[in-house]
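Undergrad: Supplied in structure tokens, the structure appears directly below.
Protein chains: 2
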Amino acid sequence: MSRKFIVAGAQLGPIARDESRASAVARMCALMRAAKARGARVVVFPELALTTFFPRWHFTDPADIDQWFETEMPNADTQPLFDLSRELGIGFHLGYAELTADGHHYNTAIMVNESGEIIGKYRKIHLPGHFEFEDWRPFQHLEKYYFEKGDLGFHAFHAFDGKAGMCICNDRRWPETWRSLGLAGAELVVLGYNTPLHYPPAPEHDHLQYFHNELSVQAGCYQNGLWAVAVAKAGNEEGCDLIGGSVIVAPTGEIIAKAQGVGDEVITAEVDLDRCTEIRANIFNFAMHREPSDYHRITAPKDAS
Amino acid sequence: MSRKFIVAGAQLGPIARDESRASAVARMCALMRAAKARGARVVVFPELALTTFFPRWHFTDPADIDQWFETEMPNADTQPLFDLSRELGIGFHLGYAELTADGHHYNTAIMVNESGEIIGKYRKIHLPGHFEFEDWRPFQHLEKYYFEKGDLGFHAFHAFDGKAGMCICNDRRWPETWRSLGLAGAELVVLGYNTPLHYPPAPEHDHLQYFHNELSVQAGCYQNGLWAVAVAKAGNEEGCDLIGGSVIVAPTGEIIAKAQGVGDEVITAEVDLDRCTEIRANIFNFAMHREPSDYHRITAPKDAS
Chain Z
1 MSRKFIVAGA QLGPIARDES RASAVARMCA LMRAAKARGA RVVVFPELAL TTFFPRWHFT
61 DPADIDQWFE TEMPNADTQP LFDLSRELGI GFHLGYAELT ADGHHYNTAI MVNESGEIIG
121 KYRKIHLPGH FEFEDWRPFQ HLEKYYFEKG DLGFHAFHAF DGKAGMCICN DRRWPETWRS
181 LGLAGAELVV LGYNTPLHYP PAPEHDHLQY FHNELSVQAG CYQNGLWAVA VAKAGNEEGC
241 DLIGGSVIVA PTGEIIAKAQ GVGDEVITAE VDLDRCTEIR ANIFNFAMHR EPSDYHRITA
301 PKDAS
Chain C
306 MSRKFIVAGA QLGPIARDES RASAVARMCA LMRAAKARGA RVVVFPELAL TTFFPRWHFT
366 DPADIDQWFE TEMPNADTQP LFDLSRELGI GFHLGYAELT ADGHHYNTAI MVNESGEIIG
426 KYRKIHLPGH FEFEDWRPFQ HLEKYYFEKG DLGFHAFHAF DGKAGMCICN DRRWPETWRS
486 LGLAGAELVV LGYNTPLHYP PAPEHDHLQY FHNELSVQAG CYQNGLWAVA VAKAGNEEGC
546 DLIGGSVIVA PTGEIIAKAQ GVGDEVITAE VDLDRCTEIR ANIFNFAMHR EPSDYHRITA
606 PKDAS
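As you go down the protein sequences, you meet chains Z and C in turn.
Residue numbering for the first sequence follows our numbering, beginning at 1 and increasing consecutively.
Residue numbering for the second sequence follows our numbering, beginning at 306 and increasing consecutively.
Below, the structure is given as structure tokens:
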């Protein structure tokens, strides 16, 4: 049985601070319809896709913080996405800020199948940025302040006649993320990101933001023999430029689809999950060629490394 | 104190099966002089730089095998390289096949300082290819037959006012190699390779050989904030085309020098070891951002992964 199908990435342009979730969801529903019209079986939305990228500001009042978080999924605002998924028969990936019943805050993503059912969940592990307000920055990146490290690990789960995995934004830069997902058997990794074009701690690298995004995703795909759909929230959001550059990447590391701007945009490509074996049975045959006994530093506690 | 200096990569064109070590060493001495004339403090020669890439053939007689191996380093054939290193005051990296006094066979590289003294040694860990003769192949890749897995681990050692690390050929494709060296503190990684343009198990990837070489080295540099010099033995060697594409790569992942052909060729670039902190104090601040407790699959024994 063929395991070829069309995947879509639905890049989002900026979401204003005062834009409602209902508005963001309406934009995503339009993109979901466009993806379906292009034959997609699943459409990938970005990280924290329901609101503006709020970690650029420093909120201290718990109510000001929790306004950005979802306490249920689906909820009234996102139900239209689930309903349209079921109506059209298309899966989707959605990133959002999650507040659990027992008070934990996570940067979370879910995978939903063609019947509108949640089949996978991931909570971001590599939280970038800083823990406290830093007044020298033109904007904050307070993910370590707002979120706890994800507690679900890196996992692959059955989806779309294969195995899928998820990671979020900064996770994609870390080869450990891709290798953990590859070893878990993932054949398709989906992820969203909100990546400022300007990186205040090392602005001499600003011109490399698109390159670093591609390099990280391409290397992760090639070195693990898997497909990836990496999708941006992009454009000038509340005075902060976010990169676009959403891509679909093959197990060879080749970019096979790429967004052309920084607004709402659907990209699609055909993936064939059976092609993972071209890489994983050969150059990256893990069982034949990996040498875990020489990798001890990678899992050593940080103080010892 | 500035830690800027010039590094050189000395790509070698093909070495014929009947070409003597003395001839290969004479070619390398000429390249060493050219590197010195361009201001280089160290010049990097490829993997197995003294002979043709013999793992493409299947030898069974121990004497036929051991003819390709060095039992001492330096020895009479390679002494001119060490003498010229000392005379010119330039360090070098050399790959060769090593036969130890107790009968072990390794794919080995050494680093030599500006005084002609060996200051680092590495034995290849990720051996590619296969264990036995396979008659369907147009040429063999019998590294797993000729060599044992290296027993020295991945280490960084003091060199050139900083810390250097080594890996060899296929090692460069594995993110575990780069991460292990990065965690060990390496600021400059040097490596050589012999990479056939045609990959018999998956010839549909032949057009990607140069891309995969660059992708692997660039990702390794960026994700660990270190410099690399990656040097080919290239060209049509005994009917087998080897890729060129020797590169010097910055800690940003940018290629800053690149060979233009498949013959003997020197490339140079200025490296500044202090620039590693641009990456390692920020986006890849290991102490702040790595999450080793989530990486357990990476060091799990292979049967359990």
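For glycine and all other residues, C-beta sits at the position ideal for the given N, C-alpha and C.
1. Who pairs with Z/Thr268 in a beta bridge, going by DSSP?
2. Mind pulling the beta strand (DSSP E) runs of 3 or more residues that sit fully within the stretch 544-596 of chain C?
3. Exposed or buried, what is C/Ser610 when buried is set at 16 or more other beta-carbons lying within 10 Å of its beta-carbon?
4. Measuring alpha carbon to alpha carbon, tell me which residue in C/Arg308, C/Leu317, C/Met471 is nearest C/Gln565.
5. For Z/Ala257, which option in Z/Val249, Z/Asp264, Z/Gly263 has the closest C-alpha, if you only look at C-alpha atoms?
6. Excluding the 5 residues preceding and the 5 following Z/Arg137 in the sequence, name in chain order all residues of the same chain whose CB lies nearer than 7 angstroms to its CB.
7. Suppose contacts are defined by Cβ-Cβ distances below 9 angstroms. Is Z/Leu81 in contact with Z/Val25 by that definition?
8. Would you mind reading off the limits of the beta strand (DSSP E) that contains Z/Asn306?
9. Have a look at Z/Gly116 and C/Ala461 and give me their C-alpha separation to the nearest angstrom.
10. Under the three-state reduction of DSSP, which class applies to C/Ser610: helix, strand or coil?
11. Straight-line CA distance for C/Pro360 to Z/Asp135?
12. So with CB distances below 7 angstroms, who are the chain Z contacts of C/Thr604?
13. Kindly list the residues whose CB is nearer than 7 angstroms to the CB of C/Trp373, restricted to its own chain and excluding five residues on each side of it in sequence; keep chain order.
14. Could you tell me whether any Cβ in chain D is nearer than 9 angstroms to the Cβ of Z/Arg33?
15. Are any of the Cβ atoms in chain Z nearer than 9 angstroms to that of C/Ser328?
16. Report all residues from its chain with a CB closer than 7 angstroms to the CB of Z/Glu132; omit the five preceding and five following residues, and keep chain order.
17. Run through DSSP, which three-state label would Z/Ala164 get?
18. Measuring only between beta-carbons, confirm whether C/Gln523 sits less than 9 angstroms from chain Z.
19. Along the stretch 548-570 of chain C, what residues have a CB closer than 9 angstroms to any CB found in chain Z?
20. Please determine if the stretch 411-419 of chain C and the stretch 389-402 of chain C are in contact, where contact requires at least 3 C-beta pairs separated by less than 8 angstroms.
21. What are the residues that DSSP puts in a beta bridge with C/Arg428?
22. How big is the Cα-Cα spacing for Z/Val271 and C/Arg326?
23. Return the CA-CA distance between Z/Arg38 and C/Gly455, expressed in angstroms with no decimal places.
24. Within this structure, are the beta carbons of C/Gly550 and C/Tyr515 separated by less than 9 angstroms?
25. C/Ala574 to C/Ile560, Cα distance in whole Å?
26. Using beta carbons (cut-off 9 angstroms, strictly below), is C/Leu520 in contact with chain Z?
27. State the Cα-Cα distance for the pair C/Trp362 and C/Cys474, rounded to the nearest angstrom.
28. Counting only runs of 3+ residues fully inside the stretch 136-185 of chain Z, write out the beta strand (DSSP E) ranges in chain order.
29. Short of 7 angstroms Cβ to Cβ, which residues in the stretch 355-366 of chain C face chain Z?
30. Anyone know if the C-beta pair for Z/Trp178 and Z/Gly120 falls short of 9 angstroms?
31. State the CB to CB distance for the pair Z/Leu127 and Z/Phe147, rounded to an integer number of angstroms; the pair is presumed to be in contact (CB under 8 angstroms).
32. Taking a contact to mean a Cβ-Cβ separation below 9 angstroms, would you say Z/Leu226 touches Z/Gly192 in this structure?
33. Can you find a CB in chain C that lies within less than 9 angstroms of the CB of Z/Ser305?
34. Express the C-alpha separation of C/Asn418 and C/Ala464 in angstroms, rounding to a whole number.
35. Going by alpha carbons, who is nearest to C/Ile572 out of C/Ala321, C/Val347, C/Ile320?
TA: From the atom records:
1. Per DSSP, Z/Ala8.
2. Fully enclosed beta strand (DSSP E) runs of no fewer than 3 residues occupy 545-547, 552-554, 560-563, 570-577 of the stretch 544-596 of chain C, in order along the chain.
3. With a pLDDT of only 45 at C/Ser610, under the threshold of 50, the placement of this residue in the model should not be trusted; the figure read from the coordinates follows. In the assembly as shown, C/Ser610 is a buried residue. Its beta-carbon has 16 or more other beta-carbons within 10 Å.
4. Measuring from the Cα of C/Gln565, the nearest candidate turns out to be C/Leu317.
5. Considering only Z/Val249, Z/Asp264, Z/Gly263, the residue with the shortest C-alpha distance to Z/Ala257 is Z/Val249.
6. Closer than 7 angstroms at the Cβ level, and outside the excluded window around Z/Arg137, lie Pro200.
7. A contact, by the Cβ cut-off of 9 angstroms.
8. No statement about residue 306 of chain Z is possible, as the shown extent of chain Z runs from 1 to 305 and does not include it.
9. CA-CA distance, Z/Gly116 to C/Ala461, rounds to 51 angstroms.
10. In this prediction, C/Ser610 has a pLDDT of 45, which is less than 50 and means its spatial position is unreliable; what the coordinates show is noted afterwards. Coil at C/Ser610, not helix or strand.
11. If you take the alpha carbons of C/Pro360 and Z/Asp135, they lie about 59 angstroms apart.
12. Chain Z residues near C/Thr604: Pro292, Tyr295, His296, Ile298, Thr299.
13. Excluding sequence neighbours, C/Trp373 sits near Thr356, Phe359, Ala402.
14. This model lacks chain D altogether, as its protein chains are Z and C.
15. It does not; no Cβ of chain Z falls within 9 angstroms.
16. If you ignore the 5 residues before and after Z/Glu132, its C-beta comes within less than 7 angstroms of the C-beta of Tyr145, all in its own chain and listed in chain order.
17. In the structure shown, Z/Ala164 sits in a strand (DSSP, three-state: E or B).
18. Judged by the 9 angstroms Cβ criterion, C/Gln523 is in contact with chain Z.
19. Residues Thr557, Gly558, Glu559.
20. Output reads yes: the stretch 389-402 of chain C touches the stretch 411-419 of chain C.
21. C/Arg428 pairs with C/Thr413.
22. Taking the CA atoms as reference points, Z/Val271 sits about 49 angstroms from C/Arg326.
23. The alpha-carbon atoms of Z/Arg38 and C/Gly455 are separated by roughly 51 angstroms.
24. Using a Cβ distance threshold of 9 angstroms, C/Gly550 and C/Tyr515 count as a contacting pair.
25. C/Ile560 has its alpha-carbon roughly 10 angstroms from the corresponding atom of C/Ala574.
26. With respect to chain Z, the C-beta atom of C/Leu520 has a partner C-beta closer than 9 angstroms.
27. Linking C/Trp362 to C/Cys474 through their CA atoms gives a straight-line distance of about 18 angstroms.
28. As far as the stretch 136-185 of chain Z is concerned, its whole beta strand (DSSP E) runs of at least 3 residues are 156-159, 162-166.
29. Hits within the stretch: zero.
30. Not a contact, by the Cβ cut-off of 9 angstroms.
31. Their Cβ separation, rounded to whole angstroms, is 6 angstroms, which keeps Z/Leu127 and Z/Phe147 in contact under 8 angstroms.
32. No, Cβ-Cβ distance for Z/Leu226 and Z/Gly192 is not below 9 angstroms.
33. Interpretation of Z/Ser305 is limited by its pLDDT of 44, a score under 50 that renders its predicted location unreliable; no figure is taken from the coordinates.
34. Going by the C-alpha atoms only, they are around 7 angstroms apart.
35. Scanning C/Ala321, C/Val347, C/Ile320 for the CA closest to the CA of C/Ile572 turns up C/Val347.
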